[in-house]
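Just below is one structure, and these are the notes that go with it.
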Amino acid sequence: MNGLELVTFLDRGPLLTDGGMGTALVERGVPVGACFEALNADDPAIVASVHRAFVEAGAAMILSNTFGANRFALRRRGMADRSGELCARGVDIARAAGVLVAGSVGPLRVRLAPYGRVRPAEAFDAFAEQIAALAGAGVDLVLIETQSDLAEIEQAVAAAREVCDLAVAVTITLTADDRTFLDDSPEQVAERLVKLGPDAIGVNCGHGPAQALRVIRAMRPALGRVPLIARPNAGGPQQVGGRFLYPATPDYFAENARLLLAEGVSVIGGCCGTGPAHVRAMARALREPRAPVVQVGPSPTIEEAPDLASKGTELSAKLAEGRFVIAVELDPPRGFSTAGMLAGAETLAETGADVIDVADSPMARMRMSPWAACRLIQEQVGIETVLHFPTRGRNLLRLQGDLLAVHALGIRDLFVCLGDPMEVGDYPGGTDTVDVAPTGLISLITGSFNRGRDHAGASIGEPTSFVVGCALNPAAPDLERECRVLRRKIDAGAAFALSQPVFSAEPLERVRAAFEARHGALTLPILAGLLPLASGRHAEFLHNEVPGVSIPEEIRDRLRAAGASGERIGLELARELAHELRGAAAGVYLMPQFGRFDIAAELVETLRRA
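Each position in the sequence shown, counted from 1, maps to that position plus 1146 in my numbering.
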């Protein structure tokens, strides 16, 4: 099928593709870290079973199991010379399913010069080798997918045009902020891709259906009549027991398929986390129209805060006194200007917040160090801060040096967590170092640093005086395990917990009951996550795409029915829940969305008047 034939084919109607090959293989018992492409030779039956399941669910086109079958990716497995073989075998298996086959060409998993050591010509050769093998084995088109480097895409498209006459499609994957790793916007990517001349363009993988819809809308004006592709992940991944789980349900995926089709998408399917059930739901949804998405407006501009004197830490004292604590989360800025952040902190302090919680690279996106943010907020606003301190990305030596630096800056309250994996953020090729688990770090801080010693037992001079909090997920898939880990964190010295967002008191009560059934009374102060919802669409996104967030159906229905009044209803729901939580938690941990400090301030003010 050449480019013209592809366009003609898609003029007949949308084309439904398969879902995540890797997800399906792992569900069949293949280890997460295995070389999936090697299964084309070692266990073709298991690959064939995945293809059959997707075709039976309604997929009219499937992708060959060749995503990482290039010489650079295979070199890491000691199989650099098997690219042609594994591609040919993968296509043979896929063709037996009796539907269209797209030859999957993933990224090389190396950085091209000048950011890496691989020359463009070497990248071209690797792509040419893989695509020639795919074309020779009989694929119907070439799909260059999950790409985030425009320079690499350029070499892949050029290689495809050099070695075959097939239609060539390109799909990109972006960070949670809708940028490439070199900070290109969807609009900029679209303009560059059009110049390269692929026959279809779109988005895959990434951060779920909502992002795919957003990116397609941004790219579409620059793409003209080029067919559009959307194959998103099933939301953001959550790591449970060594596996990544994806929260988006088939019904939610189907609803977003309707929205994507309404935006002009011609080729639709799924990526990581999507299985036959998602494909089956999309197949049912292809002919059903849907209402437009409610857009959330920007936050109002807030003037810069004046300098105020800093003051000491108060969180532990307030918790000990039994006061209902109000914490509010702020993200550090993406640049070096702190005016907006400080203004938000100032507003929250004036309305009665007890503490500002500062995140560390949320969603693995590059931001200012939270140490600097905490220090500036304490100095210039005069309100206590809680510093997120993830273990991910720090080896044991750096962990300890960072603790000393944080203490020297006057930051005393720490929220110890694992942190978000690099692969979900700005730099998916970065290295995730985890020398110490969160429980181990809590123990290191309270048992060593707070006693004047480092991990090796050497003196650090004066003892530190950190107060350490831990994470709690009331919506954890395995609640018994969550309680078991919480018990270990308490034993290690955790003084408080911050929970994932809750939308009723029931999840906290369930956690308390499960904990007390096995571990005795739960006396640890818990600040319950409180996330004001902005619309029905916002609620559906969080429920289906964000790990650890579960929103009751009645709340989602109420917000959906509210239409343009969704923000007002969301604020009312947050107020009601905040009052309900007074009997179930030691306080609340507000998470204002979209930078809406005004919404958080209104909630804080309401709680302080109660």
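Idealized CB from N, CA, C, for every residue including glycine.
- Query: Between L1162 and L1432, which are expected to be in contact by the criterion C-beta below 8 Å, what is the C-beta distance as a whole number of angstroms?
  - Reply: At roughly 7 Å, the Cβ-Cβ gap stays under 8 Å, so L1162 and L1432 are in contact.
- Nearest to M1365 by CA position, among Q1357, P1332, G1410, is which residue? Closest by alpha carbon: P1332.
- Item | From A1732, A1724, G1729, N1186, residue whose alpha carbon lies closest to that of E1751 | If we check each option's Cα against that of E1751, A1724 comes out closest.
- Query: With contact counted as at least three CB pairs below 8 Å, one residue from each stretch, are the region 1642-1656 and the region 1585-1597 in contact?
  - Reply: Contact between the region 1642-1656 and the region 1585-1597 is absent, because fewer than three Cβ pairs lie under 8 Å.
- Item | Separation of G1354 from R1742, as counted between CA atoms | In this structure, the CA atom of R1742 is about 23 Å from the CA atom of G1354.
- So, helix, strand or coil for V1440, using DSSP? Reliability of the predicted coordinates at V1440 is poor, the pLDDT of 34 falling under 50, and the value obtained from them is presented with this limitation in mind. Looking at V1440 - three-state DSSP - the assignment turns out to be coil, as it is neither helix nor strand.
- Query: Could you give the distance in angstroms between the alpha-carbon of P1542 and the alpha-carbon of D1559?
  - Reply: According to the sequence provided, residue 1542 is Leu. The question's Pro does not apply to it. About 20 Å.
- Contact set for D1164: own chain, Cβ-Cβ below 7 Å, skip 5 residues either direction: The residues F1200, A1205, I1208, L1209, G1415, V1425, in chain order, have a CB closer than 7 Å to that of D1164 in the same chain once the five nearest residues on each side in sequence are set aside.
- Taking Cβ positions, are V1146 and I1588 nearer each other than 7 Å? Nothing about residue 1146 can be read from this structure; the chain reaches only from 1147 to 1756.
- Task: Take M1147 and list the residues in its own chain whose beta-carbon comes closer than 6 Å to its own, dropping the five residues that flank it on each side.
- Result: Correct list, in chain order: D1286, L1287, A1313.
- Message: On the CB-based measure, 16 or more other CB atoms within 10 Å of its CB, does F1213 come out buried or exposed?
- Response: A buried status is given to F1213, since no fewer than 16 other beta-carbon atoms sit within 10 Å of its beta-carbon.
- Query: Counting pairs of Cβ atoms below 8 Å between the region 1274-1286 and the region 1221-1237, do you hit three or more?
  - Reply: With a cut-off of 8 Å, the region 1221-1237 and the region 1274-1286 count as touching, because enough Cβ pairs lie within range.
- Task: Within the region 1327-1377, note down every full alpha helix (DSSP H) run reaching 4 residues or more, in order along the chain.
- Result: Within the region 1327-1377, the runs of alpha helix (DSSP H) at least 4 residues long that lie entirely inside it are, in chain order, 1332-1342, 1355-1369.
- Task: Could you tell me how far apart the beta carbons of L1488 and V1474 are, in whole angstroms, since I believe they sit closer than 8 Å?
- Result: Under the criterion of beta carbons closer than 8 Å, L1488 and V1474 do not qualify as touching, at roughly 14 Å.
- Query: Can you give the Cα-Cα distance for N1690 and R1363, rounded to whole angstroms?
  - Reply: Distance from the CA atom of N1690 to the CA atom of R1363, rounded to whole angstroms, is 21 Å.
- Of all the CB atoms in chain D, is at least one closer than 7 Å to the CB of P1647? Among the protein chains of the structure shown there is no chain D, as only one such chain exists.
- Alpha carbon of A1451 to alpha carbon of A1732, nearest angstrom: Confidence is the limiting factor: at A1451 the pLDDT is only 30, short of 50, which leaves the residue's position unreliable and the question unanswerable from this model.
- Message: Can you look up E1628 in the DSSP assignment and give me helix, strand or coil?
- Response: E1628 falls in the helix class under three-state DSSP.
- Report the option in A1191, G1498, L1220 whose CA atom is closest to the CA atom of E1748. Nearest option by C-alpha distance: G1498.
- Item | Stretch pair the region 1625-1635 + the region 1548-1558: three plus CB contacts closer than 8 Å | Cβ pair count under 8 Å is below three, so no.
- Query: For R1307, does the three-state DSSP call read helix, strand or coil?
  - Reply: Reduced to three states, the DSSP call for R1307 is helix.
- Task: Take S1515 as the anchor and find which of L1476, A1191, T1585, L1296 has the nearest alpha-carbon.
- Result: With distances taken between CA atoms, S1515 lies nearest to L1476 out of L1476, A1191, T1585, L1296.
- Query: Can you tell me whether DSSP reads A1732 as helix, strand or coil?
  - Reply: A1732 sits in coil when the DSSP states are folded into three classes, being neither helix nor strand.
- Task: Please check the pair P1266 and L1258, which I expect to be a contact at CB under 8 Å, by giving their CB distance rounded to whole angstroms.
- Result: Right, their Cβ atoms sit about 6 Å apart.
- C-alpha gap between I1697 and A1730, whole angstroms: Cα-Cα distance, rounded: 18 Å.
- C-beta contact flag for P1620 and L1564 at 7 Å: Result no, Cβ atoms of P1620 and L1564 do not sit closer than 7 Å.
- Going by CA-CA distance only, name the one from S1681, R1664, P1160 that's closest to L1406. The shortest Cα separation from L1406 among S1681, R1664, P1160 belongs to P1160.
- Task: State the beta-bridge partners of D1503 as determined by DSSP.
- Result: Answer is E1475, V1532, bridged to D1503.
- Query: Do A1346 and I1299 have their C-beta atoms closer together than 7 Å?
  - Reply: Going by beta carbons, A1346 and I1299 fall outside the 7 Å limit.
- Return the residue from the list P1396, F1740, L1753, R1706 that minimises the CA-CA distance to R1721. R1721 has its Cα closest to that of L1753, out of P1396, F1740, L1753, R1706.
- Query: For G1682, which option in V1695, G1528, D1637, R1704 has the closest C-alpha, if you only look at C-alpha atoms?
  - Reply: Per the Cα distances, R1704.
- Query: Among A1191, E1718, R1222, T1420, which residue has its Cα nearest to the Cα of P1378?
  - Reply: Ranking A1191, E1718, R1222, T1420 by Cα distance to P1378 puts T1420 first.
- Query: Under 7 Å, do A1660 and L1625 count as touching if we go by C-beta distance?
  - Reply: Taking the C-beta atoms as reference points, L1625 is found nearer than 7 Å to A1660.
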